[in-house]
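Here the sequence shown is numbered in this note's numbering, starting from 330 and rising by one per residue.
Cβ coordinates follow ideal geometry from the N, Cα and C atoms, glycine included.
This structure is a prediction, so every number in the text was calculated from the model and none was measured.
Read the structure below first, then the notes.
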Amino acid sequence: MQAMNDESPLPAPAPARKRMALFRAGEGVALDHETMPFEGIDAATMAGLGRIMASGPKAADASHTTILFQSGGEDGVSLSHAWFKTGFISPRHSHNADCIYYILAGEARFGSARLGPGDGIFVPADQAYVLEVGDAGCELLEFRNAAQFNIHFKGNDEAHWEKVAQSYTRHMPQWEAEIPPSQR
C-alpha cells in the first residue's frame with residue numbers, strides 16, 4: 330500500500346486537439362526570404378543570383394508564390410500557390426520538406442518529365458531539382474509536410490546560371506503584361 334504523502338508523477342497533458350481551419354482567397358501571404366530561408370549560399374551562388382538580377386529590372390517578377398495555409402512548425406503542413414512566368418528556370422535546389430506539386434495551368438518540366446494541367450510530382454526532402462517553365466507560364470499548388478521550410482542551392486555550374494540569365498533576358502519584356510495561365 331502506498332503512503333498518502335508519496336508523490337506519484339502527474340499524467341502528461343493531453344496534446345492539443347487539432348481543429349478545422351479555413352483559409353480564403355486573398356488572405357495568403359507572399360513567400361519571401363523570411364518564410365523560406367536561403368541556404369547553400371556560397372560565392373558561386375551569390376555570383377549566379379547576381380547574374381540573374383543583372384539580367385534586367387524585372388528579374389524579381391519571374392515568379393510569385395503565395396502561402397495559402399500554414400499550420401504547425403516543422404511537423405506542420407503548408408499549401409502554396411505559385412505562378413512562374415514564361416521562360417522561368419530555377420537554379421538547382423532542394424527543400425528540407427517533402428513536397429507534392431500539382432499543375433493547375435500551363436506547363437513545367439521537372440528534369441525530363443513534362444507536366445501539364447492535372448499532372449503532379451512528389452519531390453522528397455533534400456532531393457535537388459530544376460524547374461523549367463514552358464511558353465505559357467505555369468501555375469501550381471505546392472503541398473508540403475512542413476509549415477516552415479528552406480531552399481538550399483546546390484550544384485549550379487556556370488553554364489546553368491548563364492542559361493537562367495539568358496532565359497530571363499529573353500522573356501522579361503513580356504512579363505509585365507503576362508497574366509496567369511488560368512486566367513487566359
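Got a sec, what are the start and stop residues for the alpha helix (DSSP H) residue 497 sits in?
Start and end: 487–504.
Buried versus exposed, by CB contacts within 10 Å (16 or more), residue 424:
Buried.
Does the Cβ-Cβ distance between residue 350 and residue 407 come in under 8 Å?
No.
Simplified DSSP assignment, three categories, for residue 379
helix
In its own chain, which residues sit with a C-beta less than 7 Å from the C-beta of residue 417, not counting the 5 before and 5 after it?
391, 392, 462
Candidates 431, 489, 468, of which the one nearest residue 459 by Cα:
489
Residue 478 and residue 420 - do their beta-carbons sit closer together than 8 Å?
no
For residue 510, tell me which candidate among 364, 415, 480, 369 has the shortest Cα-Cα distance.
Considering only alpha carbons, the answer is 415.
Residue 494 versus residue 355 - alpha carbon distance
32 Å
Beta-carbon gap between residue 429 and residue 445 smaller than 8 Å
no
Presumed contact (8 Å Cβ cut-off) between residue 467 and residue 398, rounded CB distance
Not a contact, Cβ separation roughly 21 Å.
Bridge partners of residue 394, per DSSP?
411
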